[in-house]
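Colleague: The sequence shown begins at 32 in our numbering and counts up by one.
Backbone N, C-alpha and C define an ideal beta-carbon position, used for all residues, glycine too.
Just so you know, these numbers come straight off a predicted model, no measurement behind them.
My questions will all concern the structure given below.
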Amino acid sequence: MADHVWFPFVVVFTLTWPFFDGLTMVMWVWSRRVDPALASDFGPNQHDNPLACPARAKLQGLPPVCLTIPECDVLTEQGLQMADRLKAAGVDTNLTVYPGATHSFIEAMSIAPVADRAISDGARWLREKLGSSARKG
């Protein structure tokens with residue numbers, strides 16, 4: 032993934048509800064959220080395309096990644112597996128699993144202390160990383 036043309040401009044990734052595998056879901060999201068011309072690039076034969084299925088990507092050289100993982104989510108295991116792969120690839124990886132949190136928990140920031148804590152944790156991480164990136168640049 033790090034060799035794609037737009038990555039030189041990315042200095043950090045912060046991922047909430049990370050979904051890394053499962054082409055059908057990726058195609059559905061892309062067809063509704065992304066330019067249809069781009070979505071058409073992800074047909075049924077794209078299982079190895081790292082932009083469609085990041086679980087199959089080469090991760091070396093990616094910028095720092097912050098993973099915000101809810102404990103009670105069908106995607107939790109994928110997030111934990113990706114964190115392991117990122118670390119094994121030498122990527123600076125911050126993983127926080129929020130006990131008792133469910134999918135989309137971060138949207139409840141006005142009523143759920145765990146969501147507020149996750150947003151604060153992510154903002155702190157971004158300040159640290161963007162501050163150190165700015166000092167290096």
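Quick check on P144: does DSSP put it in helix, strand or coil?
Modeller: The answer is helix: DSSP assigns P144 an H, G or I state.
Colleague: Just the Cα atoms here: how many angstroms apart are T99 and G153?
Modeller: C-alpha separation (whole angstroms): 8 Å.
Colleague: If you run the structure through DSSP and keep just helix, strand and coil, what is G131?
Modeller: strand
Colleague: Using the Cβ count rule (16 or more neighbours within 10 Å means buried), how would you classify V36?
Modeller: For V36, the predicted model reports a pLDDT of 47, less than 50, meaning its position is unreliable; a value from the coordinates is still stated below. Classification of V36: exposed, given that the 10 Å Cβ count is below 16.
Colleague: Could you spell out the range, first to last residue, of the beta strand (DSSP E) harbouring L46?
Modeller: Counting along the chain, the beta strand (DSSP E) containing L46 begins and ends at 44-47.
Colleague: Report buried or exposed for D115, applying the criterion of at least 16 other Cβ atoms within 10 angstroms of its Cβ.
Modeller: That one is exposed.
Colleague: Sorted by chain position, which residues of the same chain lie with C-beta nearer than 8 Å to N125's C-beta, five sequence neighbours on each side aside?
Modeller: P95, V96, C97, L98, W156
Colleague: In whole angstroms, what separates the C-alpha of T133 from that of G121?
Modeller: So the two alpha carbons sit approximately 29 Å from each other.
Colleague: Can you tell me whether P101 is helix, strand or coil according to DSSP?
Modeller: strand
Colleague: Measure the Cβ-Cβ separation of P170 and E102 and say whether it is below 8 Å.
Modeller: Here the chain has residues from 32 to 168 only, and residue 170 is not among them.
Colleague: Measure the CB-CB distance between I150 and I137 and report whether it falls below 8 Å.
Modeller: yes
Colleague: Going by beta-carbon coordinates alone, are L117 and L90 separated by less than 8 Å?
Modeller: Going by beta carbons, L117 and L90 fall inside the 8 Å limit.
Colleague: In whole angstroms, what separates the C-alpha of S135 from that of T127?
Modeller: 15 Å
Colleague: For K160, I'd like the list of residues in its chain whose CB is within less than 7 Å of its CB, leaving aside the five on either flank, ordered along the chain.
Modeller: V43, P95
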